[in-house]
Amino acid sequence: MGTEIDLTGASREDGRDRLYELFDDVEAGDTLHLVADQVPGFTLLRYQIEHNIQFSWDVTRDADEVRMAIAVEGDLAADALPDFDVRVMPPQRRHEVLLKGFDELAPGEGFVLVNDHDPKPLYHELRSTRGETFEWEYLEEGGRGWRVAIEKTEESTAPDDGIITRYDVRQIPKSERHPSIHHRYGMIPEGEAMEIVAPHEPQPLKQEFQQRYGDAFEWRIVEQEPGRVAVWITKRADVDGEDAEASSCAGKDVHHDGHTHHAGEEADGDERAASEAGEDPDVEVSQELDVREYPPARRHELIFQAYDDLERGEAFILVNDHDPKPLYHQFTADEGPEFHWQYRQKEPGEFQVLVGKVAEGEEASLDPAEEGAPF
């Protein structure tokens, strides 16, 4: 069977109902062709778990929609967990879908997460927000095919105190604290907050945020007692990227809720390193990607998809209306040594960056190594 279905414009509930109706009639070997506004990841995960069946899927993206080929692999063994491949989703959506999927699991249910990098930040997020309610087992490691079995062992409760997520760094190895936090911060929507719990105010992390994000965040201590400090970091919606970059590089002081942010003079050191790393790498430019006409969330989807589509030795020119440096930090947290970032133009309203994957043996422009300062 090669059924086609168009879900563009459909509500989440309507899309779920229509997909469930189609899935109920499929057999092993069938392929469904889907057009939608975004990958219906949560629906795919839930159907596989509820019906003990395995799907696989390929995705192509146009400017405003996704096209999926969903293949029915067949029934799973009674004690097997279905694969859930999130590599086809933009990074900003992965944690959202995975956390919702985890919350809907009953004790004893689970899935095998398939990801293109080590999903350790998700592990720390689940431990910090859902506690000791799951088992986590690496099945395959390395490259772009990480596989982790996640099984819920008891009921859990998601945070409901006005934050989107929490990281309790007292439970996280020091070397993994900052990368996990920056990785997740890059994915939260503007206006949302994440909570950091530490034995004392994490000043080294605060300094990193000042250097990386300038005036684009708010740092607020919400709880303080001996051995425990809770900080809310809010991604501000009232500061655009150009203003954030200006405040970061100008070295001005930023005040929020009684705390003074001193934007250091070295705020653009990583930028200089990425821009002045010497000769251009030997890469073939495949396209110019101008994202200025799209809203921020859609820009990120297009940029990450363009990067995922690159082969080693290929690159594209990113054109944006402000400095996309926060994306640089997210890429360096997620990608391997092949990632290259090099500024080509910095003008008001038009920034151009060469983004690519260098060929084997080539040296990419990298962020200076950060010293692992304890909290």
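Numbering (full-length UniProt numbering), first residue to last: 1 to 375.
A virtual CB, placed ideally from N, CA and C, is assigned to each residue, including glycine.
Pick helix, strand or coil for A274, following the three-state DSSP scheme.
A caution first: A274 carries a pLDDT of 42, below 50, which makes its placement in the model unreliable, though a value can still be read off. In the three-state scheme derived from DSSP, where H, G and I count as helix and E and B as strand, A274 is classed as helix.
Could one say the Cβ of Q342 lies closer than 8 Å to chain C's Cβ atoms, at least one of them?
Annotation note: the requested chain C is absent from the structure, which comprises a single protein chain.
Which residues share a DSSP beta bridge with A69?
Residue pairing by DSSP places A69 opposite H33 and D58 in a beta bridge.
Is the beta carbon of K206 less than 8 Å from the beta carbon of W219?
yes
Per-residue DSSP class, three states only, for D338:
First, the amino acid is wrong: residue 338 is Glu here, not Asp. The three-state secondary structure of E338, taken from DSSP, is coil.
So, are the CB atoms of A106 and E73 less than 8 Å apart?
Against a cut-off of 8 Å, the Cβ pair of E73 and A106 comes out as no contact.
Residues near F351 in its chain [Cβ-Cβ closer than 6 Å; skip 5 each side]
Correct list, in chain order: N320 and D323.
Please go through the same chain and pick out, in chain order, the residues whose beta-carbon is closer than 7 Å to the beta-carbon of A244, but skip the five residues on each side of it.
Here the model assigns A244 a pLDDT of 43, short of 50, so the residue's position is not dependable, and the following value carries that caveat. Closer than 7 Å at Cβ, skipping near neighbours: Y213, G214, D215 and A216.
Proximity to A209 [Cα-Cα], best of E223, P199 and R184:
The sequence given here has Phe at residue 209, not Ala. The shortest C-alpha separation from F209 is found at R184.
Any idea if P189 is buried or exposed, counting beta-carbon neighbours within 10 angstroms, 16 or more meaning buried?
exposed
Can you tell me whether E195 is buried or exposed, with buried defined as 16 or more other CB within 10 angstroms of its CB?
buried
Excluding the 5 residues flanking I181 on each side, which residues of the same chain have their C-beta closer than 6 Å to its C-beta?
Y167
Rounded C-alpha distance that separates D257 from E201
Caution applies to D257, whose pLDDT of 40 falls short of 50 and renders its modelled position unreliable; the value that the coordinates give is listed next. Taking the straight line joining both Cα atoms gives about 15 Å.
Should the stretch 38 to 45 be regarded as contacting the stretch 57 to 77, the criterion being three or more beta carbon pairs within less than 8 Å?
yes
T165: which of A315, S128, W136 and H178 sits nearest, CA to CA?
S128
Below 8 Å, can you find three or more Cβ-Cβ pairs linking the stretch 97 to 116 to the stretch 142 to 154?
yes
Less than 8 Å between the C-beta atoms of V358 and L318, yes or no?
Using a Cβ distance threshold of 8 Å, V358 and L318 do not count as a contacting pair.
Is it right to say V285 is buried, meaning 16 or more other beta carbons lie within 10 angstroms of its own, or is it exposed?
exposed
Taking only the alpha-carbon atoms, compute the straight-line gap between K100 and R61 and give it to the nearest angstrom.
24 Å
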